[in-house]
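Enquirer: Encoded as structure tokens, here's the structure I'll be asking about.
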Amino acid sequence: MEQNSFRIRLLRAVSEAMRPAWRTAVWVIKMVVPITLAISILEHLGVIGRISEWIAPLFGLVGLPGDSGLVFLTAALSNNYAAVAVIATLGFDYRSVVILAVMALVCHCLIIESAIQHKTGASGLKMTLLRIGMAFIAAALMNLILPKHMTGRLFLPPAGVSPETWAEAGLLWLKTILPLSLKIGIIIVSLNILQRILQEFRLLDLLTVPLQPLMAVFGLPRSTSFLWIISNVVGLTYGGAALVDEIRRGAISREDSRLLNAHVAISHSLLEDTAIFYSIGVGLFWLLVPRIILAICTVWIIRLFVRLRNPRRSIAPG
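Residues 1 to 318 (UniProt numbering) are what the sequence shown spells out, left to right.
Written out as structure tokens, the structure reads:
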């Protein structure tokens, strides 16, 4: 009898998760495909390269060489994998790579991730400006902290071959977008099913309770614990999709989602994105600590502004 009850509840949880999961996955894929295509076209036309030349003087202010603009712009418009590929072709010293890695970790995939955060109720423009600003604040602080002649060993992958024709560029884009779309679909559906199962069997507390003290330090409400886990395990794209579903069901308030959005905009995907730059020789301390500290400070500053603007209204952490 108990086994039948368990099976019925499990099947019900999976069934209830499938429709919203599929809807969310299709929405994300429809957004990702044209954006990545547009970026590929601009890259092939050389537009991104020219724009990076215009913004090069800005990077000199934070102790980086002029061509750092290409790395930052590539990360901001594409992803960290592409940023590493650019780093491999330009021959930066170790210190510059450390600073660029932190900037890219804070500010990458802006168009897609900001659009997803907008869907959750945050301002896409504000999230974009926040991430750009925090990336340069992080770079400026690290430029002051890091030794001028910092040494370390980099393990850079071989540089890829740029496509010479439109056909090659199109083929390269297809080889990138097809597995990416499949990955997005699988992860979003799997996460939604996992959420429903955890909620159906009241297992969510087993994950959220141990994190409550940490959420309090972060300045985040208790209701964001599970979504914080998702955003930092599988990334902002998939975590944002889960957040959209939580808001639709009323499981998390708009105010709580804004605080979480501010935190994860700066610090998310602590596994995959960290591994990308760790694999080329950047230390874990620099890949993790600066962005987590920036995220914590940002949330508490937001809470302070809310309190100052309306002393009777505050958002209690934890």
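Idealized CB from N, CA, C, for every residue including glycine.
#1: Grab the span of the alpha helix (DSSP H) containing residue 377 for me, first residue to last.
#2: Would you kindly report the start and end of the unbroken alpha helix (DSSP H) that includes residue 323?
#3: Measure the beta-carbon distance from residue 177 to residue 241 and round it to whole angstroms, keeping in mind my assumption that it falls under 8 Å.
#4: Residues in its own chain within less than 7 Å of residue 96 by CB, not counting five upstream and five downstream?
#5: From residue 110 to residue 200, what distance separates their C-alpha atoms?
#6: Quick one: residues in its chain with C-beta nearer than 6 Å to the C-beta of residue 20, no 5 flanking neighbours on either side, listed in chain order?
#7: Are the stretch 122-131 and the stretch 86-100 touching by the rule of at least three beta carbon pairs closer than 8 Å?
#8: Rounded to whole angstroms, what's the CA-CA distance from residue 70 to residue 162? Just pull it up for me.
#9: What would DSSP say about residue 150, mapped onto helix, strand or coil?
#10: Write down the C-beta distance between residue 223 and residue 252 rounded to the nearest angstrom, noting that I regard them as a contact closer than 8 Å.
#11: Is DSSP giving residue 122 helix, strand or coil here?
#12: Report the start-end ranges of each alpha helix (DSSP H) in the UniProt domain "Nucleoside transporter/FeoB GTPase Gate" (26-109) that is 4 residues or longer and not cut off at the edges.
#13: Would you kindly report the start and end of the unbroken alpha helix (DSSP H) that includes residue 221?
#14: Excluding the five sequence neighbours on either side, which residues of its own chain have a C-beta within less than 6 Å of the C-beta of residue 56, listed in chain order?
#15: So, with DSSP's three-state summary, where would you put residue 156?
#16: With a threshold of 16 other CB atoms inside 10 Å of the CB of residue 263, please say whether the residue is buried or exposed.
#17: Okay, do the stretch 112-122 and the stretch 139-155 touch, 3+ Cβ pairs below 8 Å being the bar?
#18: Would you call the stretch 291-302 and the stretch 254-263 touching, i.e. three or more CB-CB distances under 8 Å?
#19: Cα-Cα, which of 11, 274, 219 and 51 is closest to residue 235?
#20: Assuming residue 277 contacts residue 287 under a Cβ cut-off of 8 Å, what Cβ separation, rounded to an integer in Å, is found between them?
#21: For residue 162, does the three-state DSSP call read helix, strand or coil?
#22: Using only CA atoms, which one of 197, 211 and 230 lies nearest to residue 15?
#23: How would you call residue 36, buried or exposed, if buried means at least 16 neighbouring beta carbons within 10 angstroms?
#24: Let me confirm a value: residue 289 is counted as buried when at least 16 other C-beta atoms fall within 10 Å, else exposed. Which label applies?
#25: Excluding sequence positions up to five away, which residues of its chain have a Cβ less than 6 Å from the Cβ of residue 185?
#26: Note down, in chain order, each residue of its chain lying with its Cβ closer than 7 Å to the Cβ of residue 52, except the 5 sequence neighbours on either side.
#27: At which residues does the alpha helix (DSSP H) containing residue 320 begin and terminate?
#28: Quick check: the Cα distance between residue 217 and residue 229, rounded to an integer number of angstroms?
#29: For residue 145, which of helix, strand or coil comes out of DSSP?
#30: Would you call residue 113 buried or exposed, if buried means 16 or more other Cβ atoms sit within 10 Å of its Cβ?
#31: With a cut-off of 8 Å on the beta carbons, I'd call residue 104 and residue 80 a contact; round off their distance for me.
#32: Would you tell me roughly how many angstroms separate the C-alpha atoms of residue 143 and residue 17, rounded to the nearest one?
#33: Between which two residues does the alpha helix (DSSP H) holding residue 247 run?
Expert: Let me spell this out:
#1: With the chain running from 1 to 318 in the structure shown, residue 377 is simply not present.
#2: Lying before the first or after the last residue shown, residue 323 is absent from the chain, which here runs from 1 to 318.
#3: That pair is no contact at about 17 Å.
#4: 64, 65 and 68
#5: 34 Å
#6: 245
#7: no
#8: 15 Å
#9: coil
#10: 5 Å
#11: When DSSP states are grouped into helix, strand and coil, residue 122 belongs to the coil group.
#12: Listed in chain order, the alpha helix (DSSP H) elements of length 4 or more contained wholly in the UniProt domain "Nucleoside transporter/FeoB GTPase Gate" (26-109) are 47-54, 56-60, 68-77, 80-90 and 94-106.
#13: Element bounds for residue 221: n/a, residue is neither H nor E.
#14: 66 and 69
#15: coil
#16: buried
#17: no
#18: yes
#19: For the set 11, 274, 219 and 51, the Cα lying nearest the Cα of residue 235 is the one of 274.
#20: Contact between residue 277 and residue 287 holds: CB atoms are separated by about 6 Å, below the 8 Å threshold.
#21: coil
#22: 197
#23: buried
#24: Exposed, because fewer than 16 other Cβ atoms sit within 10 Å of the Cβ of residue 289.
#25: 25
#26: Its chain contains 69, 70 and 73 as the residues whose beta carbon lies nearer than 7 Å to that of residue 52, once the 5 sequence neighbours on both sides are disregarded; these appear in chain order.
#27: Any answer about residue 320 is impossible in this case: the structure gives the chain only from 1 up to 318.
#28: 15 Å
#29: Looking at residue 145 - three-state DSSP - the assignment turns out to be helix.
#30: buried
#31: 5 Å
#32: 47 Å
#33: 236-248
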